[in-house]
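Trainee: As given, the protein sequences belong to chains W and U, one line each in that order. Sequential numbering from -7 applies to the first sequence in our numbering. Sequential numbering from 82 applies to the second sequence in our numbering. Even glycine gets a Cβ: it sits at the ideal position worked out from N, Cα and C.
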Amino acid sequence: AQSVTQPDIHITVSEGASLELRCNYSYGATPYLFWYVQSPGQGLQLLLKYFSGDTLVQGIKGFEAEFKRSQSSFNLRKPSVHWSDAAEYFCAVVRNNAGNMLTFGGGTRLMVKP
Amino acid sequence: NAGVTQTPKFQVLKTGQSMTLQCAQDMNHNSMYWYRQDPGMGLRLIYYSASEGTTDKGEVPNGYNVSRLNKREFSLRLESAAPSQTSVYFCASTPGGQPYEQYFGPGTRLTVT
Chain W
-7 AQSVTQPDIH ITVSEGASLE LRCNYSYGAT PYLFWYVQSP GQGLQLLLKY
43 FSGDTLVQGI KGFEAEFKRS QSSFNLRKPS VHWSDAAEYF CAVVRNNAGN
93 MLTFGGGTRL MVKP
Chain U
82 NAGVTQTPKF QVLKTGQSMT LQCAQDMNHN SMYWYRQDPG MGLRLIYYSA
132 SEGTTDKGEV PNGYNVSRLN KREFSLRLES AAPSQTSVYF CASTPGGQPY
182 EQYFGPGTRL TVT
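#1: If you count every other CB in all the chains shown that lies within 10 Å of the CB of S18 (chain W), and 16 or more means buried, which is it?
#2: Given this structure, state the Cα-to-Cα distance separating Q(-2) (chain W) from G99 (chain W), to the nearest angstrom.
#3: Can you grab the Cα-Cα spacing for the pair A79 (chain W) / L68 (chain W), in whole Å?
#4: If you reduce the DSSP assignment to three classes, tell me which class R69 (chain W) lands in.
#5: Do L191 (chain U) and S208 (chain U) have their beta-carbon atoms positioned less than 9 angstroms apart in this structure?
#6: Drop a sphere of 10 angstroms on the beta-carbon of K95 (chain U), count the other beta-carbons inside from all chains shown, and report buried for 16 or more, exposed for fewer.
#7: Quick one: is V85 (chain U) near chain W, going by C-beta distance under 9 angstroms?
#8: Got a sec? Which residues, its chain only, sit under 6 angstroms from A105 (chain U) by beta carbon, not counting five neighbours each side?
#9: Under three-state DSSP, which class holds R14 (chain W)?
#10: In whole angstroms, what is the alpha-carbon distance linking H120 (chain W) and V86 (chain W)?
#11: So which of W:L25, W:K105, W:V5 and W:E12 has the shortest CA-CA distance to V(-4) (chain W)?
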């Protein structure tokens, strides 16, 4: 069965510090990977996606993620966090059957200290 | 361009009551989805519609029914609400075919007492 794991439920960083959010997946074939962000009381917004090619992908709001096949990971990074980045972040994998169905990790809630 | 819209935004039901959550998209997308979000569990797929006229079960379909009314609209019905269905419900859509990104609505917060 396909699964997505985000080991960190909560992370707190200081404004201006770097950030890395972890995501691991279990999947037998080449995965399609996504990171979404959810601000309080809002829907989900796509930050970035990986389908193939360059394993380092750039997204919106200064985020990037690196696909590492050997580690089954797709970690999200940002060099300098802003207070507005406080939100919940979800990693997701698309399922390989018809319907383009996403399987989500449990989410990581990011808090930013001034 | 409104994207994906959902109504209502909030709802409180008593156990055993029924209701329908409405979702509409104006992006001419083929595929639509209903998810529920519970703390620590991410989003779980309830039902989806790969194209107009088709619907299929997702990971957690029990207690729900759906209708793909037309290409724009995809409704989720709770026939007899239970406290376990207290959750935030999200509708999403995507063009279909390739694994394109899904576009999410703002959500409906449902409480069943």
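Mentor: Based on what the coordinates show:
#1: Translated into positions along the first sequence, residue 18 (chain W) becomes position 26. Its Cβ having fewer than 16 others within 10 Å, S18 (chain W) is exposed.
#2: The residue you call residue -2 (chain W) lines up with position 6 of the first sequence. The residue you call residue 99 (chain W) lines up with position 107 of the first sequence. So the alpha carbons of these two residues sit roughly 6 angstroms apart.
#3: As a working mapping, residue 79 (chain W) is identified with position 87 in the first sequence. As a working mapping, residue 68 (chain W) is identified with position 76 in the first sequence. If you take the alpha carbons of A79 (chain W) and L68 (chain W), they lie about 14 angstroms apart.
#4: Taking the first sequence and counting its residues from 1, the one referred to as residue 69 (chain W) is at position 77. Correct three-state label for R69 (chain W): strand.
#5: Given that chain U is displayed from residue 82 to residue 194, the structure contains no residue 208 (chain U) and the question cannot be resolved.
#6: Translated into positions along the second sequence, residue 95 (chain U) becomes position 14. Exposed.
#7: Working through the second sequence from its first residue, we reach residue 85 (chain U) at position 4. Using a Cβ-Cβ cut-off of 9 angstroms, V85 (chain U) counts as an interface residue toward chain W, since at least one Cβ of chain W sits closer than that to its own.
#8: The residue given as residue 105 (chain U) occupies position 24 in the second sequence. Excluding sequence neighbours, A105 (chain U) sits near T86, R153 and E154.
#9: The sequence position of residue 14 (chain W) within the first sequence is 22, counting from 1. Correct three-state label for R14 (chain W): coil.
#10: The requested residue 120 (chain W) is not part of the displayed model; chain W covers only -7 to 106.
#11: Residue -4 (chain W) sits at position 4 when you count from the first residue of the first sequence. Closest option to V(-4) (chain W), Cα to Cα, is W:L25.
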